[in-house]
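What follows is one structure encoded as C-alpha cells, with my remarks underneath.
2 protein chains.
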Amino acid sequence: MCQLLGMNCNVPTDICFSFTGFQARGGATDVHADGWGIAFFEGRGYRLFLDPQPSCASPIAELVRHYPIRSKNVIAHIRKASQGVVDLENTHPFLREAWGRYWIFAHNGNLVDFSPPLDGSFLPVGNTDSERAFCWLLQSLRQRFADQLPGRDALFDAIHNLTLAISAHGEFNFLLSNGDSLFAHASTRLSYIIRRAPFTQAHLSDQDLTVDFSELTGPQDQVAVIATLPLTDNESWTTMPAGSLWCFEEGAPHQQRATRPGSPASPS
Amino acid sequence: MCQLLGMNCNVPTDICFSFTGFQARGGATDVHADGWGIAFFEGRGYRLFLDPQPSCASPIAELVRHYPIRSKNVIAHIRKASQGVVDLENTHPFLREAWGRYWIFAHNGNLVDFSPPLDGSFLPVGNTDSERAFCWLLQSLRQRFADQLPGRDALFDAIHNLTLAISAHGEFNFLLSNGDSLFAHASTRLSYIIRRAPFTQAHLSDQDLTVDFSELTGPQDQVAVIATLPLTDNESWTTMPAGSLWCFEEGAPHQQRATRPGSPASPS
Chain A
37 MCQLLGMNCN VPTDICFSFT GFQARGGATD VHADGWGIAF FEGRGYRLFL DPQPSCASPI
97 AELVRHYPIR SKNVIAHIRK ASQGVVDLEN THPFLREAWG RYWIFAHNGN LVDFSPPLDG
157 SFLPVGNTDS ERAFCWLLQS LRQRFADQLP GRDALFDAIH NLTLAISAHG EFNFLLSNGD
217 SLFAHASTRL SYIIRRAPFT QAHLSDQDLT VDFSELTGPQ DQVAVIATLP LTDNESWTTM
277 PAGSLWCFEE GAPHQQRATR PGSPASPS
Chain B
37 MCQLLGMNCN VPTDICFSFT GFQARGGATD VHADGWGIAF FEGRGYRLFL DPQPSCASPI
97 AELVRHYPIR SKNVIAHIRK ASQGVVDLEN THPFLREAWG RYWIFAHNGN LVDFSPPLDG
157 SFLPVGNTDS ERAFCWLLQS LRQRFADQLP GRDALFDAIH NLTLAISAHG EFNFLLSNGD
217 SLFAHASTRL SYIIRRAPFT QAHLSDQDLT VDFSELTGPQ DQVAVIATLP LTDNESWTTM
277 PAGSLWCFEE GAPHQQRATR PGSPASPS
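If you're matching them up, the sequences are chains A and B in order.
According to the numbering used here, the first sequence is numbered sequentially starting from 37.
According to the numbering used here, the second sequence is numbered sequentially starting from 37.
Below is the structure:
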C-alpha cells in the first residue's frame, strides 16, 4: 500500500511543513520505501518530482522540503509496491494532458481484475493498476465530454460515476487535480484538515517539528490538507467516511458524495 | 531565442559536466534567463525538472548539477522568450504520452503563422509556438500510425516529413525523444560531439572546469552530446548542416537527412 498527501488552497502556499512529516514515512517512520513523488500546479503549469528511491533518503525530497514552491494544488505519494516493479515509470503521481490542461493522479490501494478496454487515447507507460485506472478515467471523461472541458459540477458527477465503477475492483483511494479543483476519494482511509484564521501552532506526528501558521499566513488564507493518516498530533483532523468522493476548491470542501451503499457521506 | 542540450548514450550516463556549462548560459555567461528545464529518460520512465527562474540562480539546477541522474536520453532547454509569457506552462521541455510511451520535446527558434488544426488528441496548455508544434507533430504521427508505434526508420521518415512542413513557418531547431532514439533537427544551428574510447579531458567553454572522462567511463561507452553551441573549447564538435534532421541511437548518429533544398545533409 501507499500513502497520499494533497493540498488545496485559496492562495499559493508552500507544503514544506506537511511534506516534512510525510517524507519521514517513506522509509523512516513508516514502510513506504518504494519511491515517492510530488506534483505542484502553478497556474496551468506543473512541477513534478519523481524518485524511485525512499523519500527519507532522497536528495530530491530534501530539495522539496527546503525549497518553498507555492501552489494552490499539490499531490504527493509515497509508495509501498502492491502491483508493478519498483521503477520510475511506476512512481506516482502520474501526469497526462486533456483539453489543454494537465491532470495529475495518485492512488493508494489495490485493484483486482481491472483491465478495462483502452482505446489508445491515454495508455499506461508502466504496469500498475493505478496508472491503468487513471488512463481509463481520462478516456471515459473524454468520451463523455468530447471537445469541451466540463464545468466543475458536471466533472464531479462524471468522476463520481467512474469511481463507482473502478471501486468495484478493490481499494481505490485517490487524489486527482487539473489545477482548479482537487478530487479526493476515500475508499478506505483519508483524512483532512482545514487551516484558516485564527491560525495556531501545529506539531508533526512523525518528527518533533512545530510551526506557527499565524506567523506565515494572511487573514484570508484557507488551506485544506488531505492525507491518508493525520500528519499532526495537536490538531483535529476529519476522517473522511470510507466510500466518499470529495471536491476541494479554494481550500475547502465544495462537494462530497457517497460511493458505496450505506456510506455516511451524504449526497451534496 | 533559446539554447538546446541533448544527450544520447549506449549506457546510462550522467550529464552533470555538460549541464554545468549549459546552466551558466541561463543568465550568467549568456542571456537565456526566461526559465529552463531538463528531462531524463530512465527506462520508460522520466524525470522532468522545470523552473521559470534563470538556471544560473535556480536551486533546482544546482540539484541537477550535483545529483548524478544516469540516463540514455536527456533533453534540456534554456529559454529566451520569443512567444508566450515567462511562465511555468511555457517552460520547455514539454511532455506527452503516445502509444504508452512518454515523448519529450524542446524547441529553439520562432514559428510564424503556425496555427494548424488540432483535433484534441494533444493540445497545448501554454501559448508557445513550440508546444503547438509538438502537439501537431504527435497528432500527425498518431493519425499516420494509428494504434501501432512505428519502428525507428518509419518514425524517422514521418518526422522528416512533418519537419519539412513545420520548417516552412520559420526557425525550427528541436530535440525530441521517446526514450529509445533522440531526434535532432538543425534548422539553423546545432552541433554534436561523440565521446568514445580513448576518452580524454574536456574543458568547458563557459566555466573553468575540466573533467577527465577516462576516469569515469568504461571502454565500450559511447555518448553523443548535442548542443546549440559547443560546450567545450578543447574538443572538436561537428556543426550539423543547417537544414538537417538526425536520429541518434546508442550514442551515435544513426541517420540524417536534409530538410531544405540544397542542404549539404546527405540522404541516408
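Glycine residues also receive a C-beta, built at the ideal position from the N, C-alpha and C atoms.
Checklist entry - In chain A, which residues lie with their C-beta within 9 Å of the C-beta of D123(B)? => result On the second sequence, position 87 is the one that residue 123(B) refers to. Neighbours of D123(B) on chain A, chain order: E78, G79, R80, G81.
Next on the checklist: In the DSSP output, what is F77(B) paired with across the bridge?
Outcome noted: As a working mapping, residue 77(B) is identified with position 41 in the second sequence. Its beta-bridge partners are Y82(B), N109(B).
Next on the checklist: Taking only three categories from DSSP, how would you classify P48(A)?
Outcome noted: Position 12 of the first sequence, counted from the start, is the residue given in the question as residue 48(A). In the structure shown, P48(A) sits in a strand (DSSP, three-state: E or B).
Item to check | Whole-angstrom distance between I114(B) and L131(B), CA atom to CA atom | outcome: Within the second sequence, the letter at position 95 stands for residue 131(B). Within the second sequence, the letter at position 78 stands for residue 114(B). One C-alpha to the other measures close to 16 Å.
Checklist entry - Along chain B, in chain order, which residues have C-beta atoms closer than 7 Å to that of F181(A)? => result As a first step, residue 181(A) must be located in the first sequence, where it is residue number 145. The contacting residues do not exist; F181(A) stays about 11 Å from chain B at best.
Item to check | Closer than 9 Å at the beta carbon, the chain B residues around L173(A) | outcome: Translated into the one-based positions of the first sequence, residue 173(A) becomes position 137. Within 9 Å Cβ-Cβ: nothing; L173(A) doesn't reach chain B, min ~14 Å.
Checklist entry - According to DSSP, which residues form a beta bridge with M43(A)? => result Taking the first sequence and counting its residues from 1, one reaches residue 43(A) at position 7. Its beta-bridge partners are V110(A), V261(A).
Item to check | 6 Å CB neighbourhood of V121(A) in its chain, flanking five on each side removed | outcome: As a working note, residue 121(A) is residue 85 in the first sequence. None.
Checklist entry - When the Cβ atoms of the region 183-195 of chain A are set against those of the region 239-248 of chain A, are three or more pairs found closer than 8 Å? => result no
Next on the checklist: Just checking: is the beta-carbon of E306(A) within a distance shorter than 8 Å of some beta-carbon in chain B?
Outcome noted: Shown here, chain A extends from 37 to 304; a query on residue 306(A) therefore has no answer.
Checklist entry - Mind checking if G162(B) is an interface residue toward chain A, Cβ cutoff 8 Å exclusive? => result The count along the second sequence starts at 1 and reaches residue 162(B) at position 126. Yes - at least one Cβ of chain A is within 8 Å of the one on G162(B).
Checklist entry - Under three-state DSSP, which class holds P95(A)? => result Position 59 of the first sequence, counted from the first residue, corresponds to residue 95(A). Note: P95(A) maps to helix in three-state DSSP.
Item to check | Start and end residues, beta strand (DSSP E) containing A204(A) | outcome: Start at 1 with the first residue of the first sequence, and residue 204(A) comes out as number 168. Run containing A204(A): none; DSSP gives neither H nor E here.
Item to check | C-alpha distance - A64(A) paired with W273(A), whole-angstrom precision | outcome: Here residue 64(A) refers to the residue found at position 28 when the first sequence is read from its first residue. Here residue 273(A) refers to the residue found at position 237 when the first sequence is read from its first residue. For A64(A) and W273(A), the distance between alpha carbons rounds to 23 Å.
Item to check | Close Cβ partners of A233(B) (< 6 Å) along its chain, the five nearest in sequence each way excluded | outcome: Locating residue 233(B) in the second sequence gives position 197, counting from the first residue. If we look at A233(B) and ignore the five residues flanking it on each side, its Cβ neighbours are P255.
Checklist entry - Since L309(B) and L240(B) are thought to touch, with beta carbons under 8 Å apart, how far apart are those beta carbons, to the nearest angstrom? => result Outside the displayed span of chain B (37 to 304) sits residue 309(B), for which this structure offers no information.
Checklist entry - Could one say the Cβ of T127(A) lies closer than 8 Å to chain B's Cβ atoms, at least one of them? => result Position 91 of the first sequence, counted from the start, is the residue given in the question as residue 127(A). It does; some Cβ of chain B falls within 8 Å.
Next on the checklist: Just verifying my parser: in three-state terms, what is the DSSP assignment at H143(A)?
Outcome noted: Sequence index remark: in the first sequence, residue 143(A) carries index 107 (1-based). The answer is strand: DSSP assigns H143(A) an E or B state.
Next on the checklist: Quick check on the burial criterion: 16 or more other C-beta atoms within 10 angstroms. Buried or exposed for N270(B)?
Outcome noted: Sequence index remark: in the second sequence, residue 270(B) carries index 234 (1-based). Under this definition N270(B) is an exposed residue.
Item to check | Outcome for T199(A) when other beta-carbon atoms lying within 10 angstroms are tallied against a minimum of 16 | outcome: Here residue 199(A) is taken as the residue at index 163 of the first sequence, counted from 1. Its Cβ being crowded by 16 or more others within 10 Å, T199(A) is buried.
Checklist entry - Skipping 5 residues on each side, what residues in its chain have a beta carbon closer than 6 Å to that of G286(A)? => result Translated into the one-based positions of the first sequence, residue 286(A) becomes position 250. For clarity, residue 286(A) is Glu in the given sequence; the question names Gly instead. Same-chain partners within the cutoff: N46.
Item to check | Straight-line Cα distance separating P153(A) from N163(A) | outcome: Here residue 163(A) is taken as the residue at index 127 of the first sequence, counted from 1. Here residue 153(A) is taken as the residue at index 117 of the first sequence, counted from 1. Their Cα atoms are separated by approximately 15 Å.
Item to check | Interfacial residues, the region 88-116 of chain B to chain A, with Cβ spacing under 9 Å | outcome: P88, P95, I96, E98, L99, H102, Y103
Checklist entry - Can you tell which of F58(A), S91(A), C52(A) has the C-alpha that lies nearest to the C-alpha of G71(A)? => result The sequence position of residue 71(A) within the first sequence is 35, counting from 1. That would be S91(A), whose Cα lies nearest to the Cα of G71(A).
Checklist entry - Taking buried to mean at least 16 other C-beta atoms within 10 Å of its own C-beta, is D165(B) buried or exposed? => result Counting from 1 along the second sequence, the entry for residue 165(B) is found at position 129. Buried: at least 16 other Cβ atoms inside 10 Å.
Next on the checklist: Against S157(A), what residues of chain B qualify as contacts under a CB-to-CB distance less than 8 Å, listed in chain order?
Outcome noted: Stepping through the first sequence from its first residue, residue 157(A) is reached at position 121. What S157(A) touches in chain B: S157.
Item to check | Burial state of P104(A) (16 or more Cβ within 10 Å) | outcome: Indexing the first sequence from 1 puts residue 104(A) at position 68. Label assigned to P104(A): exposed.
Checklist entry - For the ligand GTP, any of its heavy atoms closer than 7 Å to the Cβ of I195(A)? => result In the structure shown, the ligand GTP is absent, as is every other ligand, since no ligand is present at all.
Checklist entry - For D189(B), which of helix, strand or coil comes out of DSSP? => result Here residue 189(B) is taken as the residue at index 153 of the second sequence, counted from 1. Helix at D189(B).
Checklist entry - In chain B, what lies closer than 7 Å to R168(A) by C-beta? => result Counted from its first residue, the first sequence places residue 168(A) at position 132. By Cβ distance, chain B contributes nothing, its closest Cβ being about 11 Å from R168(A), past 7 Å.
Checklist entry - Roughly how many angstroms separate the alpha carbons of R188(B) and C283(B), rounded to a whole number? => result Your numbering for residue 188(B) matches position 152 in the second sequence. Your numbering for residue 283(B) matches position 247 in the second sequence. Computed Cα separation, rounded: 9 Å.
Checklist entry - Going along the region 187-213 of chain B in order, which residues come within less than 8 Å of chain A, judged by CB to CB distance? => result none
Item to check | Residue environment, H102(A), which counts as buried when at least 16 other CB atoms sit within 10 Å | outcome: In the first sequence, counting from the first residue as 1, residue 102(A) sits at position 66. H102(A) comes out exposed.
Next on the checklist: Counting C-beta neighbours from all protein chains within 10 Å, is the total for S302(B) 16 or more, i.e. buried, or is it exposed?
Outcome noted: For the purposes of this step, residue 302(B) is taken as the residue at position 266 of the second sequence. Caution applies to S302(B), whose pLDDT of 42 falls short of 50 and renders its modelled position unreliable; the value that the coordinates give is listed next. By the neighbour-count rule (16 or more Cβ atoms within 10 Å), S302(B) is not buried but exposed.
Checklist entry - Nearest to T236(A) by alpha carbon, out of G62(A), L99(A), N209(A), E251(A)? => result Translated into the one-based positions of the first sequence, residue 236(A) becomes position 200. The option with the nearest alpha carbon to T236(A) is E251(A).
Next on the checklist: Beta-carbon within less than 8 Å of H57(A)'s beta-carbon, same chain only, minus the 5 sequence neighbours each way: which residues are those?
Outcome noted: The residue given as residue 57(A) occupies position 21 in the first sequence. The sequence as given places Gly at residue 57(A); His does not occur at that position. Result list for G57(A): L240, S241, D242, Q243, L245, L267, T268, in chain order.
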